[in-house]
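One structure below.
Protein chains: 4
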Amino acid sequence: MRKQIFLIIALTVTTISCGPSQQKVEPTNPEATEVWQPKPAKVAINGQTGIPSDAVILFNGTNLNAWKSKNDGSAPKWTINKDGSMTVKDKTGDIVTKEDFGSVQLHLEWRSDPNNTQTNQNRSNSGVFFQGLYEVQILNNNDNDTYVNGMVGSIYKQNPPLVMAAKPTGEWNSYDIIFHAPEFDNSGDRVKAGILTVFLNGVLIQDHFELLGSTEYIGYPKNKAHGDGPIILQDHGDMSGVGFRNIWLRKL
Amino acid sequence: MRKQIFLIIALTVTTISCGPSQQKVEPTNPEATEVWQPKPAKVAINGQTGIPSDAVILFNGTNLNAWKSKNDGSAPKWTINKDGSMTVKDKTGDIVTKEDFGSVQLHLEWRSDPNNTQTNQNRSNSGVFFQGLYEVQILNNNDNDTYVNGMVGSIYKQNPPLVMAAKPTGEWNSYDIIFHAPEFDNSGDRVKAGILTVFLNGVLIQDHFELLGSTEYIGYPKNKAHGDGPIILQDHGDMSGVGFRNIWLRKL
Amino acid sequence: MRKQIFLIIALTVTTISCGPSQQKVEPTNPEATEVWQPKPAKVAINGQTGIPSDAVILFNGTNLNAWKSKNDGSAPKWTINKDGSMTVKDKTGDIVTKEDFGSVQLHLEWRSDPNNTQTNQNRSNSGVFFQGLYEVQILNNNDNDTYVNGMVGSIYKQNPPLVMAAKPTGEWNSYDIIFHAPEFDNSGDRVKAGILTVFLNGVLIQDHFELLGSTEYIGYPKNKAHGDGPIILQDHGDMSGVGFRNIWLRKL
Amino acid sequence: MRKQIFLIIALTVTTISCGPSQQKVEPTNPEATEVWQPKPAKVAINGQTGIPSDAVILFNGTNLNAWKSKNDGSAPKWTINKDGSMTVKDKTGDIVTKEDFGSVQLHLEWRSDPNNTQTNQNRSNSGVFFQGLYEVQILNNNDNDTYVNGMVGSIYKQNPPLVMAAKPTGEWNSYDIIFHAPEFDNSGDRVKAGILTVFLNGVLIQDHFELLGSTEYIGYPKNKAHGDGPIILQDHGDMSGVGFRNIWLRKL
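Protein chains in written order, with this note's numbering: chain A, 64 to 315; chain B, 64 to 315; chain C, 64 to 315; chain D, 64 to 315.
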């Protein structure tokens with residue numbers, strides 16, 4: 064019901080203000096609809112790592128300099144491994160980027176821990192938060208049932224993934240995520256919902272989902288006004304053993 | 064201007080009908096916000112090709128059985144190469160899928176022809192059309208200037224790409240595209256714009272772009288009602304030499 | 064001691080019969096040392112799978128038609144998975160290629176089973192045999208000790224690997240192997256040792272190792288004359304859970 | 064003729080000195096043929112770049128610090144590109160590693176220049192030299208004929224490749240090479256030939272080739288005694304335009 068109303072209104076507005084009006088004389092030469100300026104910036108793709116030249120690199124295997132501990136702002140205590148990955152160090156807390164971000168495209172790879180054979184939400188649970196508030200869930204759901212709005216690829220407690228596209232336990236998975244920050248007006252009211260589009264291993268699992276508000280473990284999503292915020296990687300505190308590698312984002 | 068109006072209206076509607084109303088008593092236990100059904104379908108990723116198990120494979124190097132010539136419906140005359148790619152056969156016309164599609168996620172890889180040193184729109188020009196009407200441009204813009212709404216990654220004659228993220232001449236590029244079909248009402252009016260989100264080589268270059276209408280070489284986009292339609296790969300007719308490989312889609 | 068003798072003799076022979084003799088007048092123009100015929104055959108690399116065009120494909124995810132059960136020649140009972148891999152089906156026995164091979168270059172990918180937490184030789188044990196007789200070992204040696212001439216990458220019971228280059232449990236590993244068949248004279252004596260060069264995940268782990276003879280669990284290697292033989296993948300019989308994918312070879 | 068003599072002698076020596084003699088009592092328990100020490104070193108594979116943890120990185124896209132100009136020892140003038148590759152800067156001369164090496168495993172990726180449409184030895188000619196003396200040829204032989212012992216993958220002027228396995232013009236090719244340095248005695252005589260095994264794009268193209276001596280453009284290979292030497296990448300001096308990326312080696 065809501066959707067229909069929404070669309071009709073939108074259409075009206077679009078028709079009035081945006082489409083080619085019937086008063087315009089339609090051009091008859093192809094040059095008339097060419098636009099030559101401005102030129103889009105060039106982005107080179109690193110042939111070895113696949114990282115675009117305009118990316119902010121958050122982790123490339125060397126160090127955790129882009130991060131700090133959420134608890135006390137100290138250097139993260141997570142483990143850097145010899146294969147260029149890092150692993151959640153249990154009970155040391157979440158890690159957050161030193162820099163705050165708004166809308167971004169984020170790439171991140173993760174793997175669950177083959178030694179973690181716990182069940183439900185305790186089998187390799189982690190997650191990536193945008194602006195410190197909006198979580199895309201990481202969980203090992205291979206032979207492990209949980210609530211679908213808390214499974215791998217869900218917007219936690221808001222929306223299940225379209226499909227379950229994670230790889231078998233122990234293999235590396237890739238997230239490619241488009242995040243648009245919510246917008247608030249001067250009085251603190253949200254005037255535009257945040258949006259998440261998520262690919263897991265190249266498969267679309269969240270398709271322009273409008274965030275209901277912040278991720279809440281208990282209760283409903285909240286929409287308190289805020290500005291830019293950090294990317295957070297979660298230490299779920301239960302020997303998750305989740306590994307990460309190749310994390311970068313591009314500001315949108 | 065349009066956008067602001069749009070958003071305010073949308074917000075109003077959302078607030079009324081969608082958000083947790085203030086009358087609801089907020090739950091105090093985590094289980095209250097868990098959803099356990101229905102379970103998302105499982106999708107396996109082929110470890111050798113990266114193709115998801117629920118994909119419709121349009122070209123995997125073996126044959127062009129999913130395609131026909133646009134001109135006369137005959138078997139495509141394009142060339143299949145020994146490396147599992149295919150190449151536009153000049154002057155044999157576009158090729159179109161036998162099957163019609165609505166909204167899809169599409170993966171496609173392409174390369175420009177190092178031997179094609181023509182300029183502007185004649186340097187390795189091709190394109191992929193959704194529903195036979197909406198084109199994402201393919202062009203070699205390495206050291207080759209053209210109008211930005213006709214360059215590689217543009218929605219042809221509608222929107223330039225956010226950035227130029229193509230690889231050097233001769234290297235393979237990948238498109239990952241989310242296409243949502245436009246919707247029309249019974250009287251033939253468009254009630255929802257088609258939408259395109261495009262990644263080129265993993266870089267977001269079209270971000271939820273609302274299609275203005277059909278791709279037109281001369282004149283304005285049109286919005287004549289239509290149903291599902293084929294994927295089309297373009298033979299631009301100028302010795303483009305464009306190659307393709309690894310084409311699949313998932314219905315959304 | 065042996066090596067020195069061997070090399071000096073070999074050198075002598077080489078000098079006599081092969082090198083440019085001192086009687087030859089050294090050419091003074093570059094064309095004199097050009098060779099134009101015969102032309103090497105062309106091999107195309109499949110861009111989607113990496114498989115060379117002259118390869119014999121043993122498993123590409125679809126079926127096990129190239130294989131039979133070693134026990135009784137029936138169709139293999141191993142499991143084909145949705146991600147294009149296959150898994151050893153415990154207690155159904157080894158599988159062997161229907162075709163026999165001599166010297167080959169072989170590519171094969173394998174993974175150990177995260178659920179297999181047994182120790183020593185029982186943690187994801189399998190292996191690939193050349194000519195049905197010479198085994199390159201597959202084993203999960205992550206946090207699992209065993210005898211070094213029986214660990215992953217060893218020529219079983221003959222030679223340990225140069226380094227331990229396997230990936231963490233559950234990740235896919237690749238073998239690229241050059242195998243030269245031993246040669247026997249008419250009286251059945253071995254006149255040339257078989258040779259194995261092995262890369263594990265791109266790392267050289269067996270460097271032109273001269274096989275001592277057949278792989279034996281008990282006792283010494285044997286050198287009974289034989290001709291071509293099958294590739295064998297081992298069912299070690301202890302719930303190994305080893306997975307395979309992307310298996311092909313080129314005849315040398 | 065030579066080969067037969069060689070093999071029989073080798074066999075004799077092997078039988079006398081190496082095989083399990085008949086005097087030995089063959090063991091009847093499996094433990095008797097287990098070897099537990101020494102343990103091979105562990106090598107981790109970087110998940111983002113594929114580089115082994117024990118590699119010497121010669122070029123990873125950032126700088127040319129591992130190299131110097133062959134001409135005068137100055138910093139190399141070759142071009143570093145935004146995609147993490149580098150390109151031969153014409154007429155600036157070869158570049159050589161600052162460090163000298165003996166036997167190594169080398170990985171290197173290269174691409175020919177689509178803009179270079181010269182013929183024969185002038186179409187994207189470069190090469191990689193081991194110990195500064197032994198060249199594996201780089202050349203664009205797509206639709207470009209030359210002498211086979213000077214084509215891509217040849218040991219220049221010594222041995223043609225087994226097959227032509229290069230990719231189309233402009234695509235990246237990978238070399239994986241095992242080089243064993245020749246050995247010389249105190250009087251300067253070569254007592255063991257250098258050896259090259261080469262994979263091009265995963266295809267074996269040089270199979271344990273015994274080097275005849277140094278690479279010579281005019282005249283025969285030479286065998287003057289020498290010690291370790293640098294890796295050299297060639298500037299062939301004719302606008303080759305050859306690109307390189309991802310170069311590393313492991314000492315053997």
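C-beta atoms are modelled at their ideal positions from N, C-alpha and C, and glycine is treated no differently.
- According to the DSSP secondary-structure assignment, L296 (chain A) is paired through a beta bridge with A:I158 and A:V191.
- Residues of the stretch 215-237 of chain A whose Cβ lies closer than 7 angstroms to any Cβ of chain B, in chain order: K220, P223, P224, L225, V226, M227, A228 and K230.
- Put simply, the CB of G110 (chain A) is near chain D, with a gap under 7 angstroms to one of its CB atoms.
- When 8 angstroms is used as the limit between beta carbons, Q200 (chain C) is near no residue of chain D, the shortest such separation being about 12 angstroms.
- Under the three-state reduction of DSSP output, E94 (chain C) falls in the helix class.
- Contact check for V159 (chain B) and I295 (chain B): beta-carbon distance about 5 angstroms, within the 8 angstroms limit, so the pair qualifies.
- Between A95 (chain C) and G165 (chain C), the CB-CB gap reaches or exceeds 7 angstroms.
- Here the alpha carbons of L169 (chain A) and S148 (chain D) stand approximately 24 angstroms from one another.
- Measuring C-alpha to C-alpha distances from H289 (chain A) to each of A:T91, A:W173 and A:Y197 identifies A:Y197 as the nearest.
- Against chain D, the CB of P177 (chain B) has a partner CB under 7 angstroms away; the residue lies at that interface.
- Across the set D:K287, D:Y219, D:L267 and D:P139, the C-alpha of D:K287 shows the shortest separation from the C-alpha of V254 (chain D).
- C-alpha of I310 (chain A) to C-alpha of Y238 (chain A): approximately 10 angstroms in a straight line.
- Secondary structure at G213 (chain C): helix, using DSSP grouped into helix, strand and coil.
- According to the DSSP assignment, Q168 (chain C) belongs to the beta strand (DSSP E) that extends over V167 to R174.
- Apart from sequence neighbours up to five positions away, the residues of its chain that approach G306 (chain B) with a beta-carbon distance below 6 angstroms are S148, T150 and R174, ordered along the chain.
- With respect to V266 (chain C), A228 (chain C) sits close: the two C-beta atoms are nearer than 7 angstroms.
- For a Cβ distance threshold of 9 angstroms, residue set P93 and T96 of chain D lies close to Y280 (chain C), ordered along the chain.
- Counting other Cβ atoms within 10 Å of its Cβ, Q100 (chain C) stays below 16 and is therefore classed as exposed.
- For A244 (chain A), the closest Cβ of chain B is not nearer than 7 angstroms.
- For the pair K154 (chain A) and T142 (chain C), the Cα-to-Cα distance works out to about 40 angstroms.
- Annotation: the stretch 257-287 of chain D contains the following complete segments of the beta strand (DSSP E) (minimum length 3 residues), in chain order: 258-263 and 266-273.
- Against chain B, a Cβ distance below 7 angstroms from D146 (chain C) picks out A107, I108, N109 and G110.
- Among the bridge pairs identified by DSSP, E246 (chain A) is matched with A:K255.
- Non-local beta-carbon contacts of N212 (chain A) in its own chain, meaning distances under 6 angstroms to residues more than five positions away in sequence, involve K220 and P223 in chain order.
- Chain-ordered listing is empty here: chain C has no CB closer than 8 angstroms to the CB of Q194 (chain D), the nearest sitting near 18 angstroms.
- Around the C-beta of S277 (chain C), 16 or more other C-beta atoms lie within 10 Å, and the residue is accordingly described as buried.
- Sorting C:Q297, C:T232, C:I218 and C:Y210 by C-alpha distance to the C-alpha of K133 (chain C) places C:Q297 at the top.
- A distance below 7 angstroms between beta-carbons, with the five flanking residues on each side excluded, links I114 (chain B) to the following residues of its chain, in chain order: I120 and W311.
- The Cβ neighbour count for V226 (chain B), taken over all protein chains shown within 10 Å, is at least 16; the residue is labelled buried.
- For the pair E89 (chain B) and G282 (chain A), the CB atoms are nearer than the 7 angstroms cut-off.
- Judged by beta-carbon spacing, Q194 (chain A) lies within the 7 angstroms limit of G292 (chain A), meaning their Cβ atoms are closer than that value.
- From the listed residues D:I241, D:M214 and D:K140, the smallest Cα separation to L274 (chain D) is found for D:I241.
- Assignment of beta-bridge partners to W311 (chain A) by DSSP yields A:I120 and A:H170.
- The beta-carbon of S116 (chain A) is placed less than 7 angstroms from the nearest beta-carbon of chain D.
- In terms of Cα proximity to P231 (chain B), the closest of D:P177, D:V199 and D:I258 is D:P177.
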